[in-house]
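The opening position of the sequence shown corresponds to residue 1068 in our numbering, with each subsequent residue numbered one higher. Positions of the beta carbon are idealized from the N, C-alpha and C atoms, including for glycine. Being a predicted model, the structure only gives us computed values, none of them experimental.
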Amino acid sequence: MRPADLWVYGHTHESDDTVIGATRVASNAKGYGPWMPQQRTWDNRSFDPNLINEI
């Protein structure tokens, strides 16, 4: 059996992009927010709203 090329997961509040064996493991979680006007950005400052994984 061949390993997965990409494993995408969520329901976290942190972003991660790593390779385990031959599999890319990625999460692009935004976390909470933003709640204007006091919070102007997402809870996770590493969140990339422009990240696209094409399969």
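Item, Value
"Closest Cα partner of R1112 within the set S1082, G1077, M1068 and P1070", "S1082"
"Residue range of the unbroken beta strand (DSSP E) whose run includes D1072", "Where D1072 is concerned, there is no enclosing beta strand (DSSP E), given that its DSSP letter is neither H nor E."
"Close Cβ partners of G1092 (< 6 Å) along its chain, the five nearest in sequence each way excluded", "Reading off the sequence shown, one finds Val at residue 1092, where the question assumed Gly. Closer than 6 Å at Cβ, skipping near neighbours: W1074 and T1085."
"Secondary structure of T1090, DSSP reduced to three states", "strand"
"Coil, strand or helix - N1095 by DSSP", "strand"
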